[in-house]
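Asker: Would you mind keeping the following structure in view while I ask a few things?
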Amino acid sequence: MLKIRLQRVGRVHEPSFRLVLTDSLNSTKSGRFKEILGSYDPRKSKDSLNTERIQYWLSKGASPTATVNNLLVRHRIINASKIDVSAVSKKAPVPEEKPATPATNDSQPTTETQSEKETGSAITPTIEETKEDATIEVIEEKVG
Numbered sequence: 001m002l003k004i005r006l007q008r009v010g011r012v013h014e015p016s017f018r019l020v021l022t023d024s025l026n027s028t029k030s031g032r033f034k035e036i037l038g039s040y041d042p043r044k045s046k047d048s049l050n051t052e053r054i055q056y057w058l059s060k061g062a063s064p065t066a067t068v069n070n071l072l073v074r075h076r077i078i079n080a081s082k083i084d085v086s087a088v089s090k091k092a093p094v095p096e097e098k099p100a101t102p103a104t105n106d107s108q109p110t111t112e113t114q115s116e117k118e119t120g121s122a123i124t125p126t127i128e129e130t131k132e133d134a135t136i137e138v139i140e141e142k143v144g
């Protein structure tokens, strides 16, 4: 698949670009391109674009990159809308955590038996038992 790309040819801190037609597998720095279609200097308003050849290659199925598309739209070579080329954040949005509300079982009251009332070992586990249960759950999550 053919692409119309920008190839940087400027010096350090003085960027200027060539508009080149290249295969989508070749990078712009490889120097392997089929045709030079123009030049673009973002620091000056000197743009020399070969509109006939650009339109020819677009009709043959070449696709411009997003920046080249915006450049061609600005020079009114193609009738399309501009493409947003701003850097996209790679971080996924962090979901907001809702505060945990304590679960109350008002609908089902707990009943203690006579032996539990006498011994005092009803439903309240000790702190050590809850720590052990928590570590067991964490280990099971890692294994499973």
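Going by UniProt numbering, 99 is the number at position 99 of the sequence shown; the sequence numbering is gapless. Heads up, the beta-carbon is just placed ideally off N, CA and C, and yes, glycines get one too.
1) Have a look at residue 57 and residue 75 and give me their C-alpha separation to the nearest angstrom.
2) With DSSP as the reference, please indicate the residues paired to residue 86 in a beta bridge.
3) Beta carbon of residue 5, beta carbon of residue 65: below 8 Å?
4) Looking only at DSSP bridge pairs, what is residue 3 linked to?
5) What are the partner residues of residue 52, as DSSP defines its beta bridges?
6) For the beta strand (DSSP E) that residue 38 lies in, which residues bound it at each end?
7) If I measure Cβ to Cβ from residue 23 and keep anything under 7 Å in the same chain, skipping five residues before and after, which residues do I get?
8) Is the CB-CB distance between residue 36 and residue 8 below 8 Å?
9) Nearest-angstrom Cα distance between residue 39 and residue 98?
10) Going straight from the alpha carbon of residue 20 to that of residue 13, what length do you get?
11) Alpha carbon to alpha carbon, how far is residue 71 from residue 29?
12) What three-state label does DSSP hand residue 8 in the structure shown?
Answerer: From the atom records:
1) Taking the straight line joining both Cα atoms gives about 17 Å.
2) Note: residue 86 sits in no beta bridge, so no partner.
3) yes
4) 22, 63
5) DSSP lists no beta-bridge partner residue for residue 52.
6) 35-40 is the span of the beta strand (DSSP E), which, as asked, contains residue 38.
7) 2
8) no
9) Computed Cα separation, rounded: 54 Å.
10) 21 Å
11) 20 Å
12) strand
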